[in-house]
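Colleague: Protein sequences, first through last, are from chains A and B.
Taken in order, the first sequence gives residues 645 to 929; the numbers are from this note's numbering.
Taken in order, the second sequence gives residues 39 to 338; the numbers are from this note's numbering.
For glycine and all other residues, C-beta sits at the position ideal for the given N, C-alpha and C.
Since this is a predicted model, take the numbers as computed values, not measurements.
Mind looking over this structure? Questions follow.
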Amino acid sequence: MNDISLAKPALLISNRQIADGIYAMDLQEPGLAAEARPGQFVMLAVSEGADPFLRRPFSLAGIDGDGGKIRLIYQVSGRGTGLMAAWEAGKQVSLLGPLGNGFALDAQPGPAILVGGGMGLAPLLPLAKELRERDRAVYVFAGARSLGLLFGLSDFRAYGCMVQIATEDGSGGAAGFATLPLGQYMQAGFPGGGRASGTDGMTRGGGSQAPSLYACGPAPFLRAVAGLCRDYGVEAQLSMEERMGCGIGACMGCSVQIRTAEGIVRKRVCYDGPVFRAGEVVLDG
Amino acid sequence: MADLRVRLAGLDLPNPILAASGVYGFGREFAKLYPPSAPGAIMAKGVTLEPSAGNLTPRIAEAPAGMLNSIGLENPGVDAFIRRELPWMKSQGARVIANISGHSVGEYEEISRRLSEAEGLDAIEVNISCPNLDHGGLVFGTDPAIAAEVTARVRKHCHVPLIVKLSPNVTDITAIAKAVAAEGADALSLINTLLGMAIDVKARKPVLARQVGGLSGPAIKPVALRMVWETARAVDLPIIGMGGILSAEDAVEFFLAGAHAVAIGSGNLIRPYIIPEIIEGLGRWLDQEGYASVNDIRRL
């Protein structure tokens with residue numbers, strides 16, 4: 645855990661648009677792919693020179709250990725990602741990773757609830773795949789500003805997940821954040837899993853076992869998810885987004901406030917996270 | 039292979055490529071990539087008298103050919119440094135330069151008094167780019183008299199080489215250099231970051247939670263070189279030069295400007311193996327240019 649195995653070039657295999665302004669980049673690097681776990685990330689150099697300067701953190705959106713490949717999904721939002729969108733197959737890309745601690749895949753057999761907002765859906769894709777391989781029932785709640793910005797839905801469905809969507813502009817699914825259908829699902833008593841005994845075939849290994857929840861997205865979104873989890877007594881793991889300098893825990897650029905028995909302390913998203921327990925993350929303001 | 043050893047204010051270093059304070063923590067993270075004994079010395083993360091939580095995020099912003107940071111000196115405090123970090127660093131064979139910051143002259147003195155009992159410490163670097171809470175938050179390093187007072191107070195307890203890290207956010211850096219030299223500084227390191235700012239036009243607010251931060255990286259290299267060059271001509275003290283070094287050639291520029299050693303800061307973030315790479319590259323450059331020792335590079 646937290647050992648850096650790679651700081652060398654990976655081979656770009658494909659780089660294509662999958663949603664409005666959102667791209668998927670597949671890279672060949674067998675060492676990294678073999679070691680990586682859902683929830684971990686890489687620091688990618690967008691320039692060989694010094695401008696843009698900083699490496700960019702991207703969570704692993706696909707892990708193919710046998711094929712020696714990983715996938716990154718990114719939204720073009722500035723100079724760095726703008727440069728990346730123009731990259732073509734065959735390019736050598738400098739990656740540092742896998743970094744950080746992934747999601748804790750507890751041994752409990754209950755259903756898993758995955759909640760992603762915007763680009764926060766990316767790390768949930770390899771998580772969903774792994775959970776389904778472990779025969780866990782998986783419920784995905786996917787939200788975005790509009791339908792054109794949602795991605796990965798067919799992958800989630802192919803893995804055998806139940807998928808519900810929400811869009812802020814109402815262009816698809818429920819109108820609002822993904823916490824809207826999530827809240828309805830919780831209020832209905834977790835149909836198909838969780839506390840209620842379901843009958844839809846998605847309860848294999850589920851039954852009346854307590855569900856576990858995994859979420860990733862912007863801070864206000866995570867705040868809403870954490871609130872629902874508190875209200876319904878659901879254990880949740882949140883994957884945090886933060887601007888990073890080094891990605892390996894040295895520069896303290898990404899320290900966030902974490903509640904502990906000794907009070908509020910700072911922990912590094914890159915090294916101590918990016919996944920934290922919902923109760924310990926201070927998400928105010 | 040050319041001789042890379044340097045002697046700096048009584049400090050014997052195997053090479054003149056140091057890890058700059060701030061981006062390198064206490065060496066634990068980079069130890070997973072290469073041994074902490076590889077850099078000429080590690081200038082440890084700045085410590086304060088008490089543990090400090092630092093600023094809220096965002097603490098980091100991209101800048102043209104560089105970056106801004108406003109970490110706010112998040113650190114475990116000088117006692118934890120002495121008890122936990124220094125012994126570990128020494129056990130790894132590192133040469134360790136403590137970096138200290140205070141909010142008052144008294145705090146600087148107390149930190150250096152505690153460090154005077156720390157076993158194995160190789161040198162102290164005094165960060166005078168902090169706000170002085172006794173003087174309305176004015177930065178110590180921008181006033182020659184206050185910079186001199188801090189130096190004198192640390193000097194009272196400091197039995198190891200004393201390095202003062204100069205701020206570039208001044209009109210005349212040589213005035214500060216002369217003032218701290220007169221109070222017993224053994225060496226100078228420069229430059230600290232340049233105060234800067236980035237604004238998010240979409241959100242219409244500063245990118246950094248603390249609005250302003252320190253600019254580092256290649257963007258500041260010309261300023262750093264000019265200040266090293268000016269300072270080397272003004273005072274007779276060894277200089278550790280830093281500011282945007284990304285290659286052996288960059289380091290050589292600083293030696294030519296008058297530095298005796300250099301430190302790598304932000305470069306570590308984008309190229310994690312940059313220190314061993316530059317050490318190797320410097321040896322190659324010296325061999326190619328026919329120098330027997332790095333000390334043979336004559337300043338301009």
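Excluding sequence positions up to five away, which residues of its chain have a Cβ less than 8 Å from the Cβ of A:Ile908?
Modeller: Sequence index remark: in the first sequence, residue 908 of chain A carries index 264 (1-based). Hits under 8 Å: Gln901, Ile902 and Val926.
Colleague: For B:Ile308, would you say it is in contact with chain A, using Cβ-to-Cβ distances shorter than 9 Å as the test?
Modeller: For the purposes of this step, residue 308 of chain B is taken as residue 270 along the second sequence, with counting starting at 1. By this cut-off, B:Ile308 is an interface position.
Colleague: Tell me which residues share the same chain as A:Asn646 and place their Cβ nearer than 6 Å to its Cβ, disregarding the 5 neighbours each side in the sequence.
Modeller: Mapped onto the first sequence, residue 646 of chain A falls at position 2. Low confidence applies here, because A:Asn646 scores a pLDDT of 43, under 50, leaving its location unreliable; read the following figure in that light. The answer is none, since no qualifying residue turns up.
Colleague: Closer than 7 Å by beta-carbon distance: list the chain B residues that pair up with A:Leu740, in chain order.
Modeller: Reading the first sequence from its first residue, position 96 is the one you call residue 740 of chain A. The contacting residues are Pro310.
Colleague: Considering just the uninterrupted stretch of the alpha helix (DSSP H) at A:Val737, what are its terminal residues?
Modeller: Start at 1 with the first residue of the first sequence, and residue 737 of chain A comes out as number 93. No alpha helix (DSSP H) holds A:Val737; the beta strand (DSSP E) holding it covers Gln736 to Leu743.
Colleague: Does A:Arg848 come out as helix, strand or coil in the three-state DSSP assignment?
Modeller: Start at 1 with the first residue of the first sequence, and residue 848 of chain A comes out as number 204. Per-residue confidence for A:Arg848 stands at a pLDDT of 35, beneath the threshold of 50, marking its modelled position as unreliable; no derived number is given.
Colleague: Return the CA-CA distance between B:Ala270 and B:Leu294, expressed in angstroms with no decimal places.
Modeller: Translated into the one-based positions of the second sequence, residue 270 of chain B becomes position 232. Translated into the one-based positions of the second sequence, residue 294 of chain B becomes position 256. Rounded to the nearest angstrom, the two C-alpha atoms are 10 Å apart.
Colleague: For A:Gly850, count neighbouring C-beta atoms within 10 Å of its own C-beta (all shown protein chains included) and say buried if the count is 16 or more, exposed if not.
Modeller: As a position in the first sequence, residue 850 of chain A is number 206, starting the count at 1. Below a pLDDT of 50, predicted positions are generally treated as unreliable, and A:Gly850, at 42, falls in that range; the measurement from the model is reported next regardless. Result: buried.
Colleague: Just to confirm my understanding: we take A:Arg887, look at its own chain, exclude 5 residues before and 5 after, and list those with CB closer than 8 Å. What are they?
Modeller: Against the first sequence, residue 887 of chain A aligns to sequence position 243. Cβ within range, chain order: Gly897 and Cys898.
Colleague: If you count every other CB in all the chains shown that lies within 10 Å of the CB of B:Ala330, and 16 or more means buried, which is it?
Modeller: Within the second sequence, residue 330 of chain B is the residue found at index 292, counting from 1. B:Ala330 comes out exposed.
Colleague: Can the beta-carbon of B:Ala297 be found less than 9 Å from the beta-carbon of B:Ile278?
Modeller: As a position in the second sequence, residue 297 of chain B is number 259, starting the count at 1. As a position in the second sequence, residue 278 of chain B is number 240, starting the count at 1. Yes, Cβ-Cβ distance for B:Ala297 and B:Ile278 is below 9 Å.
Colleague: Would you call the CB atoms of A:Asp813 and A:Ser790 closer than 9 Å?
Modeller: Residue 813 of chain A sits at position 169 when you count from the first residue of the first sequence. Residue 790 of chain A sits at position 146 when you count from the first residue of the first sequence. Yes, the Cβ-Cβ distance between A:Asp813 and A:Ser790 is below 9 Å.
Colleague: Have a look at B:Phe64 and B:Ala82 and give me their C-alpha separation to the nearest angstrom.
Modeller: Counted from its first residue, the second sequence places residue 64 of chain B at position 26. Counted from its first residue, the second sequence places residue 82 of chain B at position 44. Those two C-alpha atoms are separated by around 5 Å.
Colleague: For B:Asp334, count neighbouring Cβ atoms within 10 angstroms of its own Cβ and tell me buried if that reaches 16, exposed if not.
Modeller: The sequence position of residue 334 of chain B within the second sequence is 296, counting from 1. It counts as exposed.
Colleague: At 3 residues or longer, and completely inside the segment 887–919 of chain A: list those beta strand (DSSP E) runs for me, N to C.
Modeller: 899–904 and 907–912
Colleague: Exposed or buried, A:Ser658, counting other C-beta atoms within 10 Å across all chains shown (16 or more means buried)?
Modeller: As a working note, residue 658 of chain A is residue 14 in the first sequence. By the neighbour-count rule (16 or more Cβ atoms within 10 Å), A:Ser658 is not buried but exposed.
Colleague: How would you write the range of the beta strand (DSSP E) that A:Gln672 sits in, first residue to last?
Modeller: Walking along the first sequence from the start, residue 672 of chain A turns up at place 28. Unbroken beta strand (DSSP E) run through A:Gln672: Ile666 to Gln672.
Colleague: In whole angstroms, give me the CA-to-CA distance for B:Thr209 and B:Val290.
Modeller: Position 171 of the second sequence, counting from 1, holds the residue named residue 209 of chain B. Position 252 of the second sequence, counting from 1, holds the residue named residue 290 of chain B. Using only the alpha carbons, I get a separation of about 26 Å.
Colleague: Compute the Euclidean distance between the alpha carbons of A:Gly845 and A:Leu765, then round it to the nearest angstrom.
Modeller: For the purposes of this step, residue 845 of chain A is identified with residue 201 of the first sequence, where counting begins at 1. For the purposes of this step, residue 765 of chain A is identified with residue 121 of the first sequence, where counting begins at 1. At A:Gly845, the pLDDT of 38 sits below 50, so the modelled position is not reliable; the number obtained from the coordinates is stated separately. Computed Cα separation, rounded: 25 Å.
Colleague: Got a sec, what are the start and stop residues for the alpha helix (DSSP H) A:Ala729 sits in?
Modeller: Taking the first sequence and counting its residues from 1, the one referred to as residue 729 of chain A is at position 85. A:Ala729 -> alpha helix (DSSP H) spans Arg723 to Ala729.
Colleague: To the nearest angstrom, how far is it from the Cα of B:Gly84 to the Cα of B:Leu159?
Modeller: Numbered from 1 along the second sequence, position 46 holds the residue referred to as residue 84 of chain B. Numbered from 1 along the second sequence, position 121 holds the residue referred to as residue 159 of chain B. Rounded to whole angstroms, B:Gly84 to B:Leu159 spans 14 Å at the Cα level.
Colleague: Which residue from A:Met806, A:Asp928, A:Leu676 and A:Pro835 puts its Cα closest to that of A:Asp710?
Modeller: By 1-based counting over the first sequence, the position of residue 710 of chain A is 66. Selected option, being the one with the closest Cα: A:Leu676.
Colleague: Report the three-state DSSP secondary structure of A:Tyr783 (helix, strand or coil).
Modeller: One-based indexing of the first sequence puts residue 783 of chain A at position 139. In the structure shown, A:Tyr783 sits in a strand (DSSP, three-state: E or B).
Colleague: Could you tell me the boundaries of the alpha helix (DSSP H) in which B:Ser129 lies?
Modeller: As a working note, residue 129 of chain B is residue 91 in the second sequence. Where B:Ser129 is concerned, the enclosing alpha helix (DSSP H) stretches over Leu124 to Ser129.
Colleague: At least one CB of chain A closer than 9 Å to the CB of B:Ala234: is that the case?
Modeller: By one-based count along the second sequence, residue 234 of chain B stands at place 196. For the record, residue 234 of chain B in the displayed sequence is Gly; it is not Ala. No, its Cβ sits nowhere closer than 9 Å to a Cβ of chain A.
Colleague: For A:Lys911, count the other beta carbons within 10 Å of its own beta carbon; 16 or more makes it buried, fewer makes it exposed. Which is it?
Modeller: Walking along the first sequence from the start, residue 911 of chain A turns up at place 267. Under a 10 Å Cβ-count criterion, A:Lys911 is classified as buried, with 16 or more other Cβ atoms of the shown protein chains found around its own Cβ.
Colleague: Kindly indicate which three-state DSSP category B:Ile214 falls into: helix, strand or coil?
Modeller: Start at 1 with the first residue of the second sequence, and residue 214 of chain B comes out as number 176. Of the three classes helix, strand and coil, the one that applies to B:Ile214 here is helix, per DSSP.
Colleague: By the DSSP assignment, the alpha helix (DSSP H) with A:Ser798 in it spans what residues?
Modeller: Counting from 1 along the first sequence, the entry for residue 798 of chain A is found at position 154. Looking at the DSSP string, the run of the alpha helix (DSSP H) that includes A:Ser798 is Leu797 to Ala802.
Colleague: Can you grab the Cα-Cα spacing for the pair B:Gly252 / B:Ser139, in whole Å?
Modeller: Position 214 of the second sequence, counted from the first residue, corresponds to residue 252 of chain B. Position 101 of the second sequence, counted from the first residue, corresponds to residue 139 of chain B. Rounded to the nearest angstrom, the two C-alpha atoms are 16 Å apart.
Colleague: Which residues does DSSP pair with B:Leu56 in a beta bridge?
Modeller: Sequence index remark: in the second sequence, residue 56 of chain B carries index 18 (1-based). Answer by DSSP bridge pairing, in chain order: B:Ala301.
Colleague: Sorted by chain position, which residues of the same chain lie with C-beta nearer than 6 Å to B:Arg248's C-beta, five sequence neighbours on each side aside?
Modeller: By 1-based counting over the second sequence, the position of residue 248 of chain B is 210. The answer, listed in chain order, is Asn93 and Ser108.
Colleague: How big is the Cα-Cα spacing for B:Ser136 and A:Leu727?
Modeller: Residue mapping note: residue 136 of chain B aligns to position 98 of the second sequence, counting from 1. Residue mapping note: residue 727 of chain A aligns to position 83 of the first sequence, counting from 1. In the sequence as presented, Ser is not what sits at residue 136 of chain B; that position holds Ala. Each residue's alpha carbon lies about 40 Å from the other.
Colleague: Are the Cβ atoms of B:Ser205 and B:Ile229 separated by less than 9 Å?
Modeller: As a first step, residue 205 of chain B must be located in the second sequence, where it is residue number 167. As a first step, residue 229 of chain B must be located in the second sequence, where it is residue number 191. It is a contact, given that the beta carbons lie within the stated cut-off.
Colleague: Taking Cβ-Cβ distances shorter than 7 Å, what residues in chain A pair up with B:Phe178?
Modeller: Locating residue 178 of chain B in the second sequence gives position 140, where the first residue counts as 1. Correct list: empty, because the minimum Cβ distance to chain A is about 22 Å.
Colleague: Any beta-carbon of chain B closer than 9 Å to the one on A:Gln901?
Modeller: As a working note, residue 901 of chain A is residue 257 in the first sequence. The beta-carbon of A:Gln901 is placed less than 9 Å from the nearest beta-carbon of chain B.
Colleague: Return no unless some Cβ of chain B is closer than 9 Å to the Cβ of A:Cys898.
Modeller: As a working mapping, residue 898 of chain A is identified with position 254 in the first sequence. Chain B, which has a Cβ nearer than 9 Å to the Cβ of A:Cys898, makes this yes.
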